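Working notes, structure below.
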Amino acid sequence: MSTATSGGARVLSRIAPYLGVIALGGFALLLPQAQLSGQVMSLATGAVIYSIAAAGLGFLWGQSGQLTLAHSSVFGIGAYAAAVGAKHFGLDFVTAFPWSIGLSLVAGALIALPSLRTSGHYFVILTFAVGEVITVIEMRLESITGGVNGITALPGAQTLFGLRIGGRTDYYLVVVGFAVVVFLILLALIRSRWGILLRGMRENEDLSRSLGVNVALHRLIAFALAGAVAGLAGHLYMYFVKSIAPESFTSHLSIIFLLVVLLGGKTFLLGPIIGSVVYVFVPEFLGLSPVRSQIAFGVILVIMILLAPGGLMSLPGRAMARLRARKKTA
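Numbered by our numbering, the letters in the sequence shown go through residues 4 to 333 in order.
Shown next, in the form of structure tokens:
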């Protein structure tokens, strides 16, 4: 093989994942051309928003090995920042964006602080408690957050950088556009030296420290990044539903994000997309009630943990590995 050919192959291998994300985003952008019903488009929009939020959790858990059950609360902070900005300060879709992302980024970093002294199951339980405290605070700040009733009758997204957002389909396209950007950024981080460093911390924290890695700092940055992604998703969610309340961001939603990540595969960048599509569309197409869908996903989760702990994204690789093993023994 010539040097030029091998060099071209290396370049292609480097950009192929990015091209895959762009191609998937392009396919999603073409979905409205299928003349789908408004209900399906709403479900698709919700699935994409969930996939963005879950991608932040998937990055944190899959790359650094840190699991949090306060992710829904950070998601809610992004949503509340947008809602409060719109209701009390007259901010629109674009001008509220820095507040949603910034406050969620700070919240994510603050949630990481206990992880500097605790780890494992103790830290997960602690994040659960932090999430519950945030929910109580949202209920008590009635003059700002609307208390238990939340904030209703909020405006939708009107424009984005001068472009008019005309309705449900336009907003879906906006959400997909943001999703593509988020997944490309996360992909670049995963393939960067920092991503390698995070995975090294995940595999052996003590060894990383002995090599001079500032584990605490990098963990804080990872949590802050996951918080920013959750805040972005929360911002998009608020302008999608146009009404929010504390009960929408309880630990139950964190469990949903966790389920979405597990369904797709926590070590796969596109896992949250697969998990979100399955979580949102399967109960709808099967006509399952909320209770039955929870039971069904509980059973599916147990099966996934036992038979495919790597998630749905791991199944093609497992199948190929078995096929190669059979060919060798044949």
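Think of the CB as a built atom: it goes at the ideal place given N, C-alpha and C, for glycine as much as any other residue. Predicted model only: the values in this text are computed from it and were never measured.
Boundaries of the alpha helix (DSSP H) in which residue i is found, first to last residue
i: Lys331; result: 318 to 332
i: Gly68; result: Taken as a continuous stretch (DSSP letters only), Gly68 belongs to no alpha helix (DSSP H), as it is neither H nor E.
i: Ser292; result: Run containing Ser292: none; DSSP gives neither H nor E here.
i: Ala233; result: 218 to 244
i: Phe126; result: 123 to 143
i: Val177; result: 171 to 193
i: Gly111; result: 100 to 115
i: Gly215; result: It is not in any alpha helix (DSSP H) - Gly215 carries neither H nor E in the DSSP assignment.
DSSP-derived helix/strand/coil call for residue i
i: Thr148; result: helix
i: Leu166; result: strand
i: Phe1; result: Lying before the first or after the last residue shown, residue 1 is absent from the chain, which here runs from 4 to 333.
i: Gln267; result: Reading off the sequence, residue 267 comes out as Gly, not Gln. Residue state, collapsed to three classes: helix.
i: Val97; result: coil
i: Ser16; result: helix
i: Thr253; result: coil
i: Arg205; result: helix
i: Gln161; result: coil
i: Gly278; result: helix
i: Gln38; result: coil
i: Leu272; result: coil
i: Ala47; result: helix
i: Ala84; result: helix
i: Ala311; result: coil
i: Ala73; result: coil
i: Arg120; result: coil
i: Leu262; result: helix
i: Leu63; result: helix
Distance between beta carbons of residue j and residue i, contact taken as under 8 Å
i: Ile1; j: Ser107; result: Any answer about residue 1 is impossible in this case: the structure gives the chain only from 4 up to 333.
i: Ile25; j: Val183; result: 7 Å
i: Gln69; j: Phe284; result: Not really, about 29 Å apart at Cβ, beyond 8 Å.
i: Leu315; j: Ile276; result: Rounded, the Cβ-Cβ distance is 10 Å, inconsistent with contact.
i: Phe62; j: Leu189; result: 5 Å
i: Ala19; j: Ala233; result: Wrong, their Cβ atoms sit about 28 Å apart, outside the cutoff.
i: Ser358; j: Ser254; result: Given that the chain is displayed from residue 4 to residue 333, the structure contains no residue 358 and the question cannot be resolved.
i: Gly134; j: Ser257; result: 6 Å
i: Tyr282; j: Val305; result: With 8 Å as the limit, Tyr282 and Val305 do not qualify as a contact, their Cβ atoms being about 16 Å apart.
i: Ala1; j: Ile52; result: Residue 1 is absent from the structure shown; the chain starts at 4 and stops at 333.
i: Gly111; j: Trp102; result: Contact flag wrong, Cβ pair sits at about 15 Å.
i: Ser296; j: Ala50; result: Contact doesn't hold; Cβ gap of about 14 Å is too wide.
Residues bridged to residue i [DSSP beta-bridge criterion]
i: Ile247; result: Ile154
inquiry  = Check whether the region 89 to 100 and the region 268 to 275 are in contact - that is, three or more C-beta pairs closer than 8 Å.
reply    = Touching, no.
ask   = When the Cβ atoms of the region 203 to 218 are set against those of the region 144 to 155, are three or more pairs found closer than 8 Å?
value = Flag = no, the region 203 to 218 and the region 144 to 155 do not touch.
inquiry  = Using 8 Å as the cut-off, can you tell me whether the region 124 to 131 makes contact with the region 60 to 78, which would need three or more C-beta pairs spanning the two stretches below that distance?
reply    = Yes, they touch.
query = Given 8 Å as the limit, is there contact between the region 288 to 299 and the region 318 to 330, that is, 3 or more CB pairs closer than that?
reply = No: fewer than three Cβ pairs fall under 8 Å.
key: Validate contact between the region 190 to 206 and the region 27 to 35 using beta carbons, cut 8 Å, 3 pairs   = Result no; under three Cβ-Cβ pairs closer than 8 Å.
ask   = Is there contact here, the region 245 to 253 with the region 165 to 180, by at least three beta-carbon pairs under 8 Å?
value = Cβ pair count under 8 Å is below three, so no.
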